[in-house]
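In this note's numbering, the protein residues as written are 52 to 626.
Backbone N, C-alpha and C define an ideal beta-carbon position, used for all residues, glycine too.
Predicted, not measured: the structure shown is a model, and the values here were computed from it.
Down below is the structure, laid out as structure tokens.
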RNA sequence: CGGAGUGUAGCGCAGUCUGGUAGCGCACCUGGUUUGGGACCAGGGGGUCGAAGGUUCGAGUCCUUUCACUCCGACCA
């Protein structure tokens with residue numbers, strides 16, 4: 052492609068609302084253009100990159116035995132009602148009616164469509180397993196789209212679904228296979244990523260993993276171990292059981308407590324409580340009140356009890372009570388239920404109060420907790436005397452010990468670019484997608500589902516690969532393999548040599564961008580750096596001596612080389 | 001949805017308080033000089049001032065209504 056004839060327009064000005072490097076450079080470099088909240092046009096450069104990413108994904112998926120389909124974007128709402136998601140999905144699901152007043156939705160994901168497709172054809176275990184996928188535009192009417200391609204409303208996603216006769220087969224021939232396939236895809240894209248354990252939501256089970264591209268600007272906090280490969284989303288991270296302060300430090304004595312009710316006027320926080328009794332917050336019990344929301348507007352106040360030294364992990368807590376969502380509760384509402392904010396504890400609660408205790412409190416025979424009475428706490432409370440429900444609801448902290456090895460855990464930021472999920476029969480059951488097993492018995496398909504944010508990957512690649520001058524595309528994702536910069540097109544010798552190289556390299560199958568614009572050298576260099584093509588050949592002043600230069604975009608190093616050896620040299624670099 | 005803000009040339013903005021010929025930078029067109037790190041000079045084209053209604057001799061500016069977008073908090077690939 053000749054730059055002078057291309058539809059490539061770079062800009063010196065960044066969009067005023069852009070904060071992320073990926074957003075700024077993709078817009079400035081002429082890859083994408085914003086057309087509305089969370090909506091983007093892909094311009095030629097952006098489209099080329101998008102196609103490359105998509106092609107790599109497709110290649111690896113096909114190699115793994117997956118088959119590509121392309122399901123309708125506009126889907127009848129009927130199917131969504133059948134699965135129960137029409138109401139539940141909420142406002143993110145864009146609904147509309149056609150001229151006959153029939154209801155449709157724009158597909159935000161395609162479980163329903165895919166299950167519907169498969170149940171019509173697959174009737175026997177002999178047809179299993181199968182793995183179908185598509186790379187398709189999705190629409191989710193996000194509450195707050197932002198960060199450019201990172202969170203659009205319309206976006207390109209690869210969504211895959213596998214169907215199996217039983218769970219073992221799903222894990223072996225679906226989940227694990229996809230984990231390996233996804234790893235290959237992200238590796239080929241040149242990304243530094245980490246596979247982490249993820250929240251599997253209300254569906255339960257341990258079968259959910261996310262592929263995180265490590266980048267400062269990531270929206271997800273992930274917990275990683277400094278000495279093994281353990282990694283988990285903060286929403287799902289676990290830790291080795293922490294030691295009590297008196298176990299860690301022999302100087303520190305375990306507080307002696309005899310059971311009793313103590314007057315603790317105005318001591319409403321854990322800090323104040325620990326200070327009051329001169330003990331580590333570890334030996335206290337903290338209660339966090341939340342309101343759990345369920346289907347059809349049902350809401351219930353829940354109390355979560357954790358050690359004073361811990362923080363509540365809301366997603367874990369939400370799953371612990373099978374709620375759709377947890378929201379904050381006002382003190383007035385707690386009081387109306389007979390609760391005393393600031394002095395709540397597991398003992399002496401009003402009847403029918405739902406109380407969930409953290410696993411770490413199991414067996415605790417002597418702690419300090421609110422007495423459910425204004426200005427009073429119990430000291431030396433034995434939880435074994437109470438009938439409590441225990442779940443894992445705490446947030447892992449930096450410095451906690453790894454659950455797999457003895458390493459230390461730390462936080463890092465990641466961009467979620469892939470998610471694989473053991474679905475089980477979550478959709479096949481309500482949609483009555485069944486087959487006959489070896490015994491002639493009807494069984495619902497056991498499913499897995501697998502997603503890759505294709506358009507988000509463009510942003511993720513740039514978040515991980517950029518400098519203060521612009522994009523630095525990886526070899527496999529760059530919009531062009533190589534750029535040839537003719538320093539001054541008015542110098543016939545430069546232009547001719549540039550065009551000659553261009554022709555020669557194109558014949559060798561190299562995708563070259565020839566910058567033959569009537570611009571000054573600095574202008575063209577800046578554009579090269581902004582667009583981020585891996586290498587450029589500069590044809591300039593020294594052409595008279597038969598010398599050109601090769602620039603490496605990542606290192607910005609320039610290397611002089613004889614004109615006649617530049618083609619083999621660049622072929623070597625691009626290999 | 002809650003809070004804050006912005007809509008003026010393709011892009012980025014000033015002008016609005018205090019009503020009186022619609023401006024600046026970038027980009028674009030013409031000519032010339034320049035040419036290894038985003039050049040310079042001269043000339044030029046381009047606007048229903050987000051939309052609708054109102055006040056006024058006169059509205060980008062004041063009033064009412066409305067739409068869109070952005071930013072900060074709960075969802076997600």
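Residue closest to residue i, alpha-carbon to alpha-carbon, out of the options
| i | options | result |
| --- | --- | --- |
| residue 585 | 570, 594 and 562 | 562 |
| residue 327 | 419, 344, 409 and 241 | 419 |
| residue 500 | 240, 474 and 248 | 474 |
| residue 77 | 57, 101, 88 and 161 | 101 |
| residue 229 | 181, 200 and 187 | 181 |
| residue 393 | 240, 364 and 423 | 423 |
| residue 590 | 273, 577 and 539 | 539 |
| residue 357 | 459, 336, 426 and 154 | 336 |
| residue 147 | 297, 125 and 528 | 125 |
| residue 617 | 607, 578, 553 and 567 | 553 |
| residue 106 | 332, 311, 155 and 187 | 187 |
| residue 348 | 86, 139, 404 and 408 | 139 |
| residue 519 | 437, 64 and 72 | 72 |
| residue 133 | 164, 151 and 566 | 164 |
| residue 461 | 353, 276, 201 and 296 | 276 |
| residue 183 | 122, 79, 398 and 408 | 122 |
| residue 382 | 362, 410, 342 and 95 | 342 |
| residue 513 | 161, 481 and 240 | 240 |
| residue 350 | 370, 375, 364 and 338 | 375 |
Spatial distance of residue i from residue j (CA atoms)
| i | j | result |
| --- | --- | --- |
| residue 316 | residue 222 | 56 Å |
| residue 256 | residue 83 | Because residue 256 sits at a pLDDT of 48, beneath the cut-off of 50, its placement in the model cannot be relied upon, and the following sentence gives the value as read from the coordinates. Between residue 256 and residue 83, the C-alpha separation is close to 39 Å. |
| residue 373 | residue 287 | 15 Å |
| residue 417 | residue 167 | 56 Å |
| residue 508 | residue 516 | 12 Å |
| residue 158 | residue 429 | 54 Å |
| residue 290 | residue 448 | 9 Å |
| residue 103 | residue 572 | 29 Å |
| residue 346 | residue 459 | 40 Å |
| residue 28 | residue 237 | Any answer about residue 28 is impossible in this case: the structure gives the chain only from 52 up to 626. |
| residue 488 | residue 171 | 16 Å |
| residue 619 | residue 52 | 21 Å |
| residue 385 | residue 491 | 55 Å |
| residue 109 | residue 477 | 27 Å |
| residue 292 | residue 192 | 41 Å |
| residue 282 | residue 576 | 41 Å |
| residue 344 | residue 248 | 25 Å |
| residue 624 | residue 598 | 18 Å |
| residue 254 | residue 205 | Legend: pLDDT at residue 254 = 49, less than 50; position of this residue unreliable, value from coordinates given subsequently. Rounded to the nearest angstrom, the two C-alpha atoms are 26 Å apart. |
| residue 456 | residue 64 | 49 Å |
| residue 66 | residue 75 | 7 Å |
| residue 214 | residue 260 | 18 Å |
Integer Cβ distance of residue i from residue j, believed to fall under 8 Å
| i | j | result |
| --- | --- | --- |
| residue 54 | residue 564 | 6 Å |
| residue 503 | residue 209 | 4 Å |
| residue 258 | residue 226 | 6 Å |
| residue 366 | residue 250 | 5 Å |
| residue 465 | residue 245 | 7 Å |
| residue 323 | residue 359 | That pair is no contact at about 11 Å. |
| residue 426 | residue 354 | Not confirmed; about 19 Å, so no contact. |
| residue 81 | residue 59 | 5 Å |
| residue 463 | residue 273 | 6 Å |
| residue 472 | residue 484 | In fact, because the Cβ distance is near 17 Å, the residues do not count as touching under 8 Å. |
Residue interval of the beta strand (DSSP E) (run including residue i)
| i | result |
| --- | --- |
| residue 262 | 259-265 |
| residue 566 | 563-566 |
| residue 311 | 311-314 |
| residue 233 | Counting along the chain, residue 233 falls outside any beta strand (DSSP E), though it belongs to the alpha helix (DSSP H) covering 227-239. |
| residue 154 | 154-157 |
| residue 382 | Premise fails: residue 382 lies in the alpha helix (DSSP H), 382-387, not in any beta strand (DSSP E). |
| residue 308 | From DSSP, residue 308 is part of no beta strand (DSSP E); its letter is neither H nor E. |
Delimiting residues of the alpha helix (DSSP H) encompassing residue i
| i | result |
| --- | --- |
| residue 622 | 617-625 |
| residue 456 | Where residue 456 is concerned, there is no enclosing alpha helix (DSSP H), given that its DSSP letter is neither H nor E. |
| residue 323 | 321-328 |
| residue 540 | Careful: residue 540 lies outside any alpha helix (DSSP H) and carries neither H nor E. |
| residue 72 | 72-79 |
| residue 96 | 95-114 |
Counterpart residues of residue i in DSSP-defined beta bridges
| i | result |
| --- | --- |
| residue 601 | 588 and 610 |
| residue 513 | Beta-bridge pairing links residue 513 to no other residue. |
| residue 282 | 275 |
| residue 476 | Note: residue 476 sits in no beta bridge, so no partner. |
| residue 445 | 363 |
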